[in-house]
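To keep things clear, I will list the structure first and then write my remarks on it.
Protein chains: 2
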Amino acid sequence: MVVKVYGPACASAHRVMVCLVEKEVEFETIPVNILTGEHKNPEFLKLQPFGSLPVIQDGDYTLFESRAILRYYAEKYKSQGTDLLGKTMEDQGLVQQWLEVEAHNFQPPLYNLLRQIMLSSHCGITRDEQVIKESEEKLGKVLDVYEDRLSESRYLAGDFFSLADLAHLPLTEYMVGPVGKAYMIKERKHVSAWWDEISSRPSWKKVLEMISK
Amino acid sequence: MVVKVYGPACASAHRVMVCLVEKEVEFETIPVNILTGEHKNPEFLKLQPFGSLPVIQDGDYTLFESRAILRYYAEKYKSQGTDLLGKTMEDQGLVQQWLEVEAHNFQPPLYNLLRQIMLSSHCGITRDEQVIKESEEKLGKVLDVYEDRLSESRYLAGDFFSLADLAHLPLTEYMVGPVGKAYMIKERKHVSAWWDEISSRPSWKKVLEMISK
Numbered sequence: 229m230v231v232k233v234y235g236p237a238c239a240s241a242h243r244v245m246v247c248l249v250e251k252e253v254e255f256e257t258i259p260v261n262i263l264t265g266e267h268k269n270p271e272f273l274k275l276q277p278f279g280s281l282p283v284i285q286d287g288d289y290t291l292f293e294s295r296a297i298l299r300y301y302a303e304k305y306k307s308q309g310t311d312l313l314g315k316t317m318e319d320q321g322l323v324q325q326w327l328e329v330e331a332h333n334f335q336p337p338l339y340n341l342l343r344q345i346m347l348s349s350h351c352g353i354t355r356d357e358q359v360i361k362e363s364e365e366k367l368g369k370v371l372d373v374y375e376d377r378l379s380e381s382r383y384l385a386g387d388f389f390s391l392a393d394l395a396h397l398p399l400t401e402y403m404v405g406p407v408g409k410a411y412m413i414k415e416r417k418h419v420s421a422w423w424d425e426i427s428s429r430p431s432w433k434k435v436l437e438m439i440s441k
Numbered sequence: 229m230v231v232k233v234y235g236p237a238c239a240s241a242h243r244v245m246v247c248l249v250e251k252e253v254e255f256e257t258i259p260v261n262i263l264t265g266e267h268k269n270p271e272f273l274k275l276q277p278f279g280s281l282p283v284i285q286d287g288d289y290t291l292f293e294s295r296a297i298l299r300y301y302a303e304k305y306k307s308q309g310t311d312l313l314g315k316t317m318e319d320q321g322l323v324q325q326w327l328e329v330e331a332h333n334f335q336p337p338l339y340n341l342l343r344q345i346m347l348s349s350h351c352g353i354t355r356d357e358q359v360i361k362e363s364e365e366k367l368g369k370v371l372d373v374y375e376d377r378l379s380e381s382r383y384l385a386g387d388f389f390s391l392a393d394l395a396h397l398p399l400t401e402y403m404v405g406p407v408g409k410a411y412m413i414k415e416r417k418h419v420s421a422w423w424d425e426i427s428s429r430p431s432w433k434k435v436l437e438m439i440s441k
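So, in structure tokens, the structure goes:
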């Protein structure tokens, strides 16, 4: 039985999907319509009590929170597909560290930009130029740290591609695309090389193809 | 050489400290004065480029982000002290899931309350009753999910104490203490029993004693 991924229209689900492709785990996607509030229906809340996406079902095992799902599959299939965790305990610690940085430093300002620029009509908010300016400044400072880090190592956690890099794919794809902030990547030499490398992986191209259908 | 924990005055560092006590890892604490901006000094930024706390140094290995540090020590010393990860791969997945819930659902509204009620003078913000009301409502909804979950299992990830429970200790201690929201725990039978149990662990009592000095 293949893994079911609920919510393929959301960025966090793309994070799970690219991980499953890297780990060579078969999956199918189950649409959940956020616009009609399907994620708040009693049936869905049995799977995810907070009404958030994505959720996976693997046989009778259910798991939510995208970064928890990444860790589960990276660990469960450690020797299948791409190793996304690092070889030594210390490398693995650094993968966890940069995965936390993605969640707590990188995502919040970028999500604000995305919400203001791409989703303001859906979210029922009025576009606020001050929030856009502040979020862009915050994101710029985070990317300055990335630039330093990536001048020392090819990927965030070291010289190996890992969950830490993979977790950045979905939102950065929006950032360089519809959010219109590609210049923030391009003006930073090492960040730019890193982005070119991770976004051209066959796994990510496959996910982009899947979600464009 | 014992582990160095920078920033013992902040809640996230307490999370690391209680983990090290559970894992029977010796450590010493290194004060970092946030009020004088020591965490933004060039020397400190070499350890933690975002200027956040805590950071650990273990010999020549440096790691930041409290939940990454928890995972590192829980994995490195899996068979020493309390097992904080769960026995099966599926249990470990649930530990990761609830650890993410703590970070993304539980902490944000509680941190807002803490900031408004305890830290408004330090943070240079004016206390906003509307933010307090909304944060309390959000936190209440999260605790309702916890109440359901804890009616089915003794701890968040199952019938074993794990990183997922441990990560809640520092901010919940503030919540029932200086933030003045103990009633939100007490009025939920299973959350209340869970809190009584995890907060009376010798490890947490030891950390409370260390930070009260």
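Protein chains in written order, with the numbering used here: chain A, 229 to 441; chain S, 229 to 441. We put the beta carbon where it would ideally sit given N, CA and C, even for glycine.
Whole-Å CB distance - residue i paired with residue j, under 8 Å assumed
{"i": "residue 392/A", "j": "residue 435/A", "result": "So it is not a contact: roughly 18 Å between Cβ atoms."}
{"i": "residue 401/S", "j": "residue 431/S", "result": "Residue 401/S to residue 431/S, Cβ: 13 Å. No contact."}
{"i": "residue 339/S", "j": "residue 281/S", "result": "In fact, because the Cβ distance is near 14 Å, the residues do not count as touching under 8 Å."}
{"i": "residue 439/A", "j": "residue 242/A", "result": "6 Å"}
{"i": "residue 251/S", "j": "residue 300/S", "result": "Wrong, their Cβ atoms sit about 10 Å apart, outside the cutoff."}
{"i": "residue 295/S", "j": "residue 395/S", "result": "6 Å"}
{"i": "residue 390/A", "j": "residue 312/A", "result": "5 Å"}
{"i": "residue 337/A", "j": "residue 363/A", "result": "4 Å"}
{"i": "residue 360/S", "j": "residue 408/S", "result": "Between residue 408/S and residue 360/S the Cβ distance is about 11 Å, and since that is not below 8 Å, they are no contact."}
{"i": "residue 275/A", "j": "residue 257/A", "result": "No, residue 275/A and residue 257/A are not in contact; Cβ-Cβ is about 14 Å, not under 8 Å."}
{"i": "residue 419/A", "j": "residue 378/A", "result": "6 Å"}
{"i": "residue 255/S", "j": "residue 283/S", "result": "Not confirmed; about 12 Å, so no contact."}
{"i": "residue 383/S", "j": "residue 422/S", "result": "7 Å"}
{"i": "residue 325/S", "j": "residue 303/A", "result": "With a Cβ gap of about 13 Å, residue 325/S and residue 303/A do not count as contacting."}
Identified DSSP bridge partners for residue i
{"i": "residue 233/S", "result": "257/S, 284/S"}
{"i": "residue 292/S", "result": "283/S"}
Contact list for residue i against chain S, beta-carbon separation under 7 Å
{"i": "residue 308/A", "result": "Near residue 308/A there are no residues of chain S at all, since even the closest Cβ is about 13 Å away, more than 7 Å."}
Residue i: contacting residues in chain A (beta-carbon distance under 8 Å)
{"i": "residue 333/S", "result": "278"}
heavy atom of the ligand FMN below 7 Å from residue i C-beta
{"i": "residue 230/S", "result": "Judged by which ligands are present, the structure shown has none, so any question about the ligand FMN falls away."}
TODO: Can you give me, in chain order, the residues of the region 290–304 of chain S that have a beta carbon less than 7 Å from any beta carbon in chain A?
DONE: 291, 292, 293, 295, 296, 299, 300, 303, 304
- [ ] With 8 Å as the C-beta to C-beta threshold (strictly closer), list the residues of the region 266–286 of chain S near chain A in chain order.
- [x] 277, 278
Task: Near-chain S residues of the region 316–340 of chain A (beta-carbon distance less than 9 Å), N- to C-terminal order - done: 317, 318, 320, 321, 322, 323, 324, 325, 326, 327, 328, 329, 331, 332, 333
- [ ] Quick one: which residues of the region 373–387 of chain A get their C-beta closer than 7 Å to a C-beta of chain S? List them in chain order.
- [x] 373, 376
Open item on the list: Quick check for students: name the residue ranges of the alpha helix (DSSP H) that lie wholly in the region 308–334 of chain A, counting only runs of 4 or more.
Closed with: 317–329
- [ ] Ignoring anything shorter than 4 residues or poking outside the region 336–406 of chain A, list the alpha helix (DSSP H) runs there in chain order.
- [x] 348–351, 357–380, 391–394, 397–404
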